[in-house]
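Trainee:
There are 4 protein chains.
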Amino acid sequence: MTPSGTAPRQEGPARGRPRSEAVERAVIESVMGLLEDGVPLAELSIERIARTAGVGKATIYRRWSGKEDLFVDVVRAAGPPDPELPGTSVRDDLVVLLESLRPRGPAGRTSAILHNVHAQMKSSPHLWAAYHDTVVVPRRTLGLEVLRRGRENGELRADVDVELLHDIVVGPVLVRTVLCPDADLPDDLAARVVDTLLQGLRPVSG
Amino acid sequence: MTPSGTAPRQEGPARGRPRSEAVERAVIESVMGLLEDGVPLAELSIERIARTAGVGKATIYRRWSGKEDLFVDVVRAAGPPDPELPGTSVRDDLVVLLESLRPRGPAGRTSAILHNVHAQMKSSPHLWAAYHDTVVVPRRTLGLEVLRRGRENGELRADVDVELLHDIVVGPVLVRTVLCPDADLPDDLAARVVDTLLQGLRPVSG
Amino acid sequence: MTPSGTAPRQEGPARGRPRSEAVERAVIESVMGLLEDGVPLAELSIERIARTAGVGKATIYRRWSGKEDLFVDVVRAAGPPDPELPGTSVRDDLVVLLESLRPRGPAGRTSAILHNVHAQMKSSPHLWAAYHDTVVVPRRTLGLEVLRRGRENGELRADVDVELLHDIVVGPVLVRTVLCPDADLPDDLAARVVDTLLQGLRPVSG
Amino acid sequence: MTPSGTAPRQEGPARGRPRSEAVERAVIESVMGLLEDGVPLAELSIERIARTAGVGKATIYRRWSGKEDLFVDVVRAAGPPDPELPGTSVRDDLVVLLESLRPRGPAGRTSAILHNVHAQMKSSPHLWAAYHDTVVVPRRTLGLEVLRRGRENGELRADVDVELLHDIVVGPVLVRTVLCPDADLPDDLAARVVDTLLQGLRPVSG
DNA sequence: TCCTAATCGAGACGGTACGTCCAGTCTTCAG
DNA sequence: CTGAAGACTGGACGTACCGTCTCGATTAGGA
Chain A
1 MTPSGTAPRQ
11 EGPARGRPRS
21 EAVERAVIES
31 VMGLLEDGVP
41 LAELSIERIA
51 RTAGVGKATI
61 YRRWSGKEDL
71 FVDVVRAAGP
81 PDPELPGTSV
91 RDDLVVLLES
101 LRPRGPAGRT
111 SAILHNVHAQ
121 MKSSPHLWAA
131 YHDTVVVPRR
141 TLGLEVLRRG
151 RENGELRADV
161 DVELLHDIVV
171 GPVLVRTVLC
181 PDADLPDDLA
191 ARVVDTLLQG
201 LRPVSG
Chain B
1 MTPSGTAPRQ
11 EGPARGRPRS
21 EAVERAVIES
31 VMGLLEDGVP
41 LAELSIERIA
51 RTAGVGKATI
61 YRRWSGKEDL
71 FVDVVRAAGP
81 PDPELPGTSV
91 RDDLVVLLES
101 LRPRGPAGRT
111 SAILHNVHAQ
121 MKSSPHLWAA
131 YHDTVVVPRR
141 TLGLEVLRRG
151 RENGELRADV
161 DVELLHDIVV
171 GPVLVRTVLC
181 PDADLPDDLA
191 ARVVDTLLQG
201 LRPVSG
Chain C
1 MTPSGTAPRQ
11 EGPARGRPRS
21 EAVERAVIES
31 VMGLLEDGVP
41 LAELSIERIA
51 RTAGVGKATI
61 YRRWSGKEDL
71 FVDVVRAAGP
81 PDPELPGTSV
91 RDDLVVLLES
101 LRPRGPAGRT
111 SAILHNVHAQ
121 MKSSPHLWAA
131 YHDTVVVPRR
141 TLGLEVLRRG
151 RENGELRADV
161 DVELLHDIVV
171 GPVLVRTVLC
181 PDADLPDDLA
191 ARVVDTLLQG
201 LRPVSG
Chain D
1 MTPSGTAPRQ
11 EGPARGRPRS
21 EAVERAVIES
31 VMGLLEDGVP
41 LAELSIERIA
51 RTAGVGKATI
61 YRRWSGKEDL
71 FVDVVRAAGP
81 PDPELPGTSV
91 RDDLVVLLES
101 LRPRGPAGRT
111 SAILHNVHAQ
121 MKSSPHLWAA
131 YHDTVVVPRR
141 TLGLEVLRRG
151 RENGELRADV
161 DVELLHDIVV
171 GPVLVRTVLC
181 PDADLPDDLA
191 ARVVDTLLQG
201 LRPVSG
């Protein structure tokens with residue numbers, strides 16, 4: 001894992017002791033460990049991280065410009081657990097896609113970290129940008145591809161607005177994740193959302 | 001505005017000088033003013049709030065046990081700007097309801113504060129609970145009523161799951177608000193979401 | 001005990017509830033009690049005194065302008081335990097006089113308070129003035145009278161400077177009291193000082 | 001100036017940035033400066049000292065456990081301006097010794113500080129101990145040596161109690177310094193005390 | 001017997017300082 | 001030049017008093 005590039009290390013003929021990659025790992029591992037232990041993001045002082053990682057504060061500041069900058073790399077390291085889509089139908093792909101968004105879903109550790117961090121990261125534009133680029137955009141891209149494919153092969157109406165439809169599909173899961181974090185999502189939520197949407201909402205009149 | 005009840009003031013025959021309601025107002029107004037001025041929540045130290053409000057620190061701690069406890073009351077004071085629904089149809093009601101969720105929507109000041117705070121409050125369970133009770137629950141209740149009414153008068157299919165449908169309706173706006181906070185929402189988003197959903201998604205196959 | 005007159009109570013036709021003398025007593029008694037308990041003067045906050053005396057803070061400030069002003073009255077109340085002089089000779093009178101200066105001497109309670117306060121009161125000119133007027137001056141006057149009487153009746157040389165001699169007599173006790181507060185003064189110190197002085201210091205050379 | 005040893009810095013192989021001696025100096029100089037400017041000891045808050053010295057509060061607390069502990073070092077730094085004795089006779093030595101005790105005497109700056117502090121330091125046992133060790137004991141030792149030398153070379157009677165005599169000599173100056181701080185000491189006080197004592201006090205009867 | 005007015009205990013008020021903790025930088029020694 | 005260690009300035013934390021103020025409840029005259 002290479003730091004996010006905010007460190008001012010100017011390249012040139014390498015002189016002196018090289019930076020230890022073990023330090024990067026130790027620091028990021030420490031942060032992830034603390035987050036897994038349920039330590040709230042706000043209580044993660046640089047001082048505490050340095051102590052936990054057995055690292056000097058200056059060593060952290062040499063690589064990252066601050067807490068925010070460090071967390072960007074933590075998000076990157078936790079990484080996006082891209083789901084594998086079955087590809088059998090739009091419906092099946094969407095169900096798998098939605099399943100992967102659930103915090104306690106199959107992705108395990110990194111998922112937990114990401115959701116823990118997610119909840120609190122809006123305060124930092126840079127941190128949010130990293131999360132956006134690393135997690136949000138890839139998944140949205142994946143979802144849009146599924147829908148576009150469905151539009152092209154006739155599974156969806158030709159005049160459908162895929163961007164809008166995507167948000168309609170993802171929305172309900174996000175609503176329950178963000179607004180009702182305590183209520184466990186029912187296991188079949190994804191399927192029911194997709195089915196409800198695909199079947200249409202108007203009475204089957206005429 | 002009465003403090004959230006966390007203050008240890010035990011009730012009984014009133015003894016000593018009573019607490020000034022003007023102080024409550026001044027403090028909460030100061031916090032709201034600072035938030036409106038774009039000061040990030042993390043930079044709102046009690047010290048600064050006290051200075052801004054022209055109030056002693058102890059006076060704040062007498063009422064609220066800490067920053068979090070204070071912000072709970074700020075959220076309560078900013079209050080929910082319940083939208084007025086036209087009632088002409090499920091469609092019209094839902095459009096108005098979704099419009100009211102937009103951060104830069106017509107609700108003005110309190111809306112701005114709530115959305116500013118919202119973005120950063122997940123770090124505190126108590127603060128989030130206050131936001132949930134004050135903002136999330138009333139609006140969800142309102143939305144569910146609209147849908148139930150629609151189901152009863154035949155505008156919606158009789159077997160529709162109103163809770164699920166509600167999240168499907170609200171979801172897209174939340175997606176764009178939470179995940180793409182910079183991209184301004186198009187003015188007709190609400191209408192398009194509702195229309196898309198109501199019109200059904202399946203191809204118009206015979 | 002009437003407060004020291006710093007209180008702004010303007011005289012006139014007595015209207016309203018008269019001040020309770022019991023309050024004066026309670027406050028001053030509380031201070032003396034705390035001092036006797038070994039509480040250092042610096043830790044005697046007005047707040048604590050009020051709590052101990054079961055009195056409102058404002059009630060104290062109504063009578064005394066501050067801590068210093070209050071302690072002036074405490075000193076006055078502790079009062080000077082004027083020693084009774086035997087009058088049999090200059091020597092005997094001086095010995096009794098010196099004995100009365102010893103902190104753990106026979107004077108008991110008020111003496112303890114005075115010496116406790118004395119040690120720390122130089123920081124306040126007014127407080128010191130009260131101590132000076134109440135304790136220092138009367139004793140000095142007493143001592144000077146003894147010496148003048150001795151000069152007149154031939155016990156002392158006619159050309160002796162009584163003021164200087166007084167300080168020479170009192171000095172050693174003060175030295176040991178002020179500079180070596182821990183070392184207990186030997187019981188016969190007073191006698192030895194007086195005898196040494198009266199007998200002369202020069203070698204008995206012919 | 002090394003701090004008084006109350007700082008918990010455990011010795012060992014020097015690790016981390018060493019403490020700056022310049023800080024010690026700056027802090028102590030600031031305290032002395034403020035005292036010289038007539039600021040009363042009671043108004044010397046740590047906060048103000050830190051501001052004046054351009055130093056963080058934590059830096060002060062890293063070295064000294066509190067105000068008292070700091071003042072101990074201030075006293076040590078102000079140091080004892082040991083007088084130079086002429087050595088021509090007991091009388092001349094004692095006169096010089098007494099002169100050096102006068103607050104506005106020839107010792108200048110440090111003397112002023114010491115007397116300023118002296119007046120208020122009895123409230124703190126540790127502070128007083130430092131003053132005692134640094135100022136009182138050396139001078140007493142010096143005085144006792146003078147007297148012992150005088151006893152050995154016949155200037156004083158062989159059976160004289162030098163400790164007692166010392167206090168008799170120093171006492172009058174202390175009396176006027178401590179009990180009548182406002183009255184300037186006459187310039188010839190020292191000489192008059194010594195001469196009076198050495199000449200004997202009893203009438204030259206017989 | 002009310003009325004007026006100053007008192008009482010209690011405690012809130014705006015402040016200042018306390019002693020602790022952390023941010024972010026700088027400075028040492030060791031590799 | 002990098003590493004850990006830790007001192008540095010600065011500033012917020014939450015607490016304790018300061019001296020002032022405002023409550024309801026006494027407690028005296030004078031009407």
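Chains as they are written, first to last, in full-length UniProt numbering: chain A, 1 to 206; chain B, 1 to 206; chain C, 1 to 206; chain D, 1 to 206. We put the CB at the ideal spot given by N, CA and C, even for glycine. These numbers were taken from a predicted model, which means no experiment stands behind them.
1) With C-beta atoms as the reference, is Ala190 of chain B less than 9 Å away from Leu94 of chain B?
2) Rounding to the nearest angstrom, what Cα-Cα distance links Pro186 of chain B and Ser45 of chain A in this structure?
3) Going along the chain, which residues of the stretch 157-179 of chain B sit with their C-beta nearer than 9 Å to a C-beta in chain A?
4) Are three or more beta carbon pairs between the stretch 74-92 of chain C and the stretch 132-143 of chain C nearer than 8 Å?
5) So does the stretch 150-162 of chain B actually touch the stretch 145-153 of chain A, counting three or more Cβ pairs closer than 8 Å?
6) Beta carbons nearer than 9 Å to chain A: which residues of the UniProt domain "HTH tetR-type" (21-82) of chain B have them?
7) With Leu101 of chain C and Ile168 of chain D assumed to form a contact (beta carbons below 8 Å), what rounded beta-carbon distance in angstroms separates them?
8) Let me know the secondary structure DSSP gives Asp159 of chain A once reduced to three states.
9) Measure the Cβ-Cβ separation of Thr52 of chain A and Leu34 of chain A and say whether it is below 9 Å.
10) Using the Cβ count rule (16 or more neighbours within 10 Å means buried), how would you classify Ser20 of chain D?
11) From Trp128 of chain C to Lys67 of chain C, what does the alpha carbon distance come to, in whole angstroms?
12) Candidates B:Leu70, B:Pro138, B:Gly154 and B:Asp195: which alpha carbon is nearest Glu29 of chain B's?
13) Just verifying my parser: in three-state terms, what is the DSSP assignment at Thr196 of chain A?
14) What's the gap between the Cα of Leu164 of chain D and the Cα of Val194 of chain D?
15) Interface residues of chain B around Arg192 of chain A at Cβ under 7 Å?
16) For the alpha helix (DSSP H) holding Asp92 of chain B, just list the boundary residues, first then last.
17) If the cut is a Cβ gap below 7 Å, which residues of chain C does Val95 of chain D touch?
18) To the nearest angstrom, how far is it from the Cα of Met32 of chain A to the Cα of Leu41 of chain B?
19) Can you check whether the C-beta of His132 of chain B is within less than 9 Å of a C-beta belonging to chain A?
20) Give the interface partners of Val136 of chain C over in chain D, defined as CB-CB distance under 9 Å, in chain order.
21) At which residues does the alpha helix (DSSP H) containing Thr134 of chain C begin and terminate?
22) Compare the C-alpha of Val74 of chain A against each of A:Pro138, A:Ser89, A:Arg48 and A:Ala130 and name the closest.
23) Ordered along the chain, which non-local residues of its own chain (more than five positions away) have a Cβ less than 6 Å from that of Gly143 of chain D?
24) Report all residues from its chain with a CB closer than 7 Å to the CB of Glu155 of chain A; omit the five preceding and five following residues, and keep chain order.
25) Suppose you measure from the CA of Asp82 of chain A to the CA of Ile49 of chain A; what does that come to, to the nearest Å?
26) Along the chain, which unbroken stretches of the alpha helix (DSSP H) at least 4 residues long are found entirely within the stretch 22-89 of chain D?
27) Using three-state DSSP, classify Gly171 of chain A as helix, strand or coil.
28) How is Arg148 of chain C classed by DSSP in three states: helix, strand or coil?
29) Pick helix, strand or coil for Ala102 of chain D, following the three-state DSSP scheme.
30) DSSP state of Arg176 of chain D, grouped into three classes?
31) Measure the C-alpha to C-alpha separation of Cys180 of chain A and Pro172 of chain A and round it to an integer number of angstroms.
32) With DSSP run on the structure shown, which of helix, strand or coil describes Pro138 of chain A?
33) Classify Pro106 of chain B as buried or exposed, calling it buried when 16 or more other Cβ atoms lie within 10 Å of its own Cβ.
34) From Asp159 of chain D to Pro138 of chain D, what distance separates their C-alpha atoms?
35) On the CB-based measure, 16 or more other CB atoms within 10 Å of its CB, does Arg176 of chain A come out buried or exposed?
Mentor: Considering the structure as presented:
1) Closer than 9 Å, so yes.
2) 40 Å
3) Within the stretch 157-179 of chain B, the residues whose Cβ lies closer than 9 Å to any Cβ of chain A are, in chain order, Arg157, Ala158, Val160, Asp161, Leu164, Leu165, His166, Asp167, Ile168, Val169, Val170, Gly171, Pro172, Val173, Leu174, Val175, Arg176, Val178 and Leu179.
4) yes
5) no
6) Pro40, Leu41 and Ala42
7) Incorrect: roughly 15 Å between the Cβ atoms, too far for contact.
8) Residue state, collapsed to three classes: coil.
9) yes
10) Exposed, by the Cβ-count rule.
11) 13 Å
12) B:Leu70
13) helix
14) For Leu164 of chain D and Val194 of chain D, the gap between their C-alpha atoms comes out near 14 Å.
15) Leu164
16) Val90 to Glu99
17) In chain order: nothing, as chain C lies at least about 15 Å away.
18) 24 Å
19) yes
20) Leu179 and Cys180
21) No alpha helix (DSSP H) holds Thr134 of chain C; DSSP gives it neither H nor E.
22) Out of A:Pro138, A:Ser89, A:Arg48 and A:Ala130, A:Ala130 has the C-alpha closest to the C-alpha of Val74 of chain A.
23) Leu97 and His166
24) Excluding residues within five positions, the ones whose Cβ falls inside 7 Å are Ser89 and Val90.
25) 29 Å
26) With a minimum length of 4 residues, the continuous alpha helix (DSSP H) runs that stay inside the stretch 22-89 of chain D are 46-53, 57-63 and 67-78.
27) Helix at Gly171 of chain A.
28) Three-state DSSP puts Arg148 of chain C in a helix.
29) Note that residue 102 of chain D is Arg in the sequence shown here, rather than Ala. Coil.
30) helix
31) Cα to Cα, Cys180 of chain A sits roughly 11 Å from Pro172 of chain A.
32) helix
33) In this prediction, Pro106 of chain B scores a pLDDT of 44, lower than 50, which makes its location untrustworthy; no coordinate-derived value is stated.
34) 24 Å
35) buried
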